[in-house]
Amino acid sequence: MNKTILSNAIFMTFFLSTVSHGYTQNEASFPIRALEGDNCNRVVELIYQSEKLASNDSSTKVYFEGFLRRIGKDEDQTNTSGFCEPATDRETLSIKIIIENNNEIKKIELRSEKFPGYRIFTPISFDIKNNYILARYYLANNWGSVDTGYFTYDLKSDKLSYIKACQEEDWVEYRGFISSLEIAFKCSSYGQDPTETSFIYDIFNSSNGQVYRVRERIRIKHERFGEIVDEMSIIKRQVF
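Given below as structure tokens:
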């Protein structure tokens with residue numbers, strides 16, 4: 002997990018700018034903008050559906066559903082960037098993974114208890130044999146803590162395993178598969194000369210769960226296994 006601590010005043014603006022380090026800015030900014038900016042003194046709830054990832058043979062589709070809430074207070078206001086502040090009382094009520102396999106649909110609760118901050122999960126890729134998926138999470142916590150990371154989800158055992166890549170740096174960015182078993186992540190630090198981190202990569206070996214570091218150019222053989230067939234959407238939004 003990579004964490005950057007920021008002042009409350011620039012928290013949400015910074016968060017939405019940092020998601021561009023990932024696959025698409027829409028992953029995190031879309032549901033967050035639907036929660037922020039208006040009705041700051043009211044309660045806003047929404048359920049988002051992540052992008053839907055389909056296997057190469059289209060037999061399996063995977064996506065996430067997240068239930069988010071912002072609890073407004075009478076004194077809360079919209080700042081100049083269009084977000085509500087102070088950046089508190091933001092919650093994730095549940096996260097589910099939905100697996101569609103031919104005509105069967107399986108929903109699994111990944112988090113059922115209330116958790117502080119916004120949790121936004123999105124699938125990235127299957128492995129070459131469709132045994133697991135690689136996914137990204139964005140955690141926009143209260144009071145200015147922003148985390149980004151990755152995990153695998155075993156489709157047979159329903160086991161979620163976090164990938165400990167780029168632990169010493171501020172940012173971790175998925176780049177692709179350098180082999181059928183190895184996934185590359187680029188590591189970089191906030192405010193650091195980009196030339197100093199241009200060739201720092203952590204490589205995750207999915208066969209043993211280990212991570213090793215390389216400091217040289219890498220060759221991406223596969224951007225992903227599978228394809229995105231549906232974009233992120235808001236299933237339900239309500240204001241109290």
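Numbering of the sequence shown is given in our numbering, commencing with residue 2 and proceeding in unit increments. Each residue gets a CB set at the ideal place from its N, CA and C atoms; glycine is no exception.
Tell me where the beta strand (DSSP E) around residue i begins and ends.
i           : result
residue 206 : 202-206
residue 124 : 119-127
residue 228 : 228-231
residue 161 : 161-164
Can you tell which of the options has the C-alpha that lies nearest to the C-alpha of residue i?
i           : options               : result
residue 1   : 60, 46, 45 and 39     : Examination of residue 1 is not possible in this model, given that the chain is present from 2 through 241 alone.
residue 234 : 224, 49, 30 and 35    : 49
residue 158 : 150, 68, 100 and 202  : 100
residue 189 : 167, 149, 151 and 209 : 167
residue 216 : 191, 241, 192 and 187 : 187
In chain order, what residues of the same chain lie with their CB nearer than 8 Å to the CB of residue i, ignoring the 5 residues before and after it?
i           : result
residue 38  : 79, 83, 84 and 85
residue 211 : 205
residue 177 : 184, 185, 221, 222, 223, 224 and 225
Could you tell me which residues DSSP puts in a beta bridge with residue i?
i           : result
residue 95  : 68
residue 141 : 119 and 147
residue 188 : 173
residue 46  : 70 and 239
residue 89  : Its beta-bridge partners do not exist; DSSP assigns none.
residue 183 : 206
residue 168 : For residue 168, which the question treats as bridged, DSSP gives no partner whatsoever.
residue 136 : 124 and 152
residue 130 : Residue 130 is not bridged to any residue.
residue 103 : For residue 103, which the question treats as bridged, DSSP gives no partner whatsoever.
residue 61  : 102
residue 234 : 50
residue 79  : 85
Please go through the same chain and pick out, in chain order, the residues whose beta-carbon is closer than 7 Å to the beta-carbon of residue i, but skip the five residues on each side of it.
i           : result
residue 129 : 181 and 226
residue 154 : 98, 133, 134, 136 and 161
residue 41  : 73, 77, 78, 79 and 85
residue 51  : 64, 65, 122, 123, 124 and 233
residue 57  : 226 and 227
residue 237 : 47 and 48
residue 36  : 45, 47, 69 and 71
Using three-state DSSP, classify residue i as helix, strand or coil.
i           : result
residue 178 : strand
residue 109 : strand
residue 56  : coil
residue 15  : The predicted position of residue 15 is uncertain, since its pLDDT is 45 and thus under 50; a value taken from the coordinates is nonetheless stated next. Residue state, collapsed to three classes: helix.
residue 214 : strand
residue 221 : coil
residue 30  : helix
residue 156 : coil
residue 6   : Low per-residue confidence applies at residue 6: pLDDT is 46, beneath 50, and the placement is therefore not dependable enough to give any value.
Please list, in chain order, all residues of the same chain as residue i whose beta carbon is under 6 Å from its beta carbon, the five residues on each side excluded.
i           : result
residue 90  : 72
residue 68  : 48, 94 and 95
residue 230 : 53 and 55
residue 138 : 122 and 150
residue 108 : 97 and 99
residue 31  : 233
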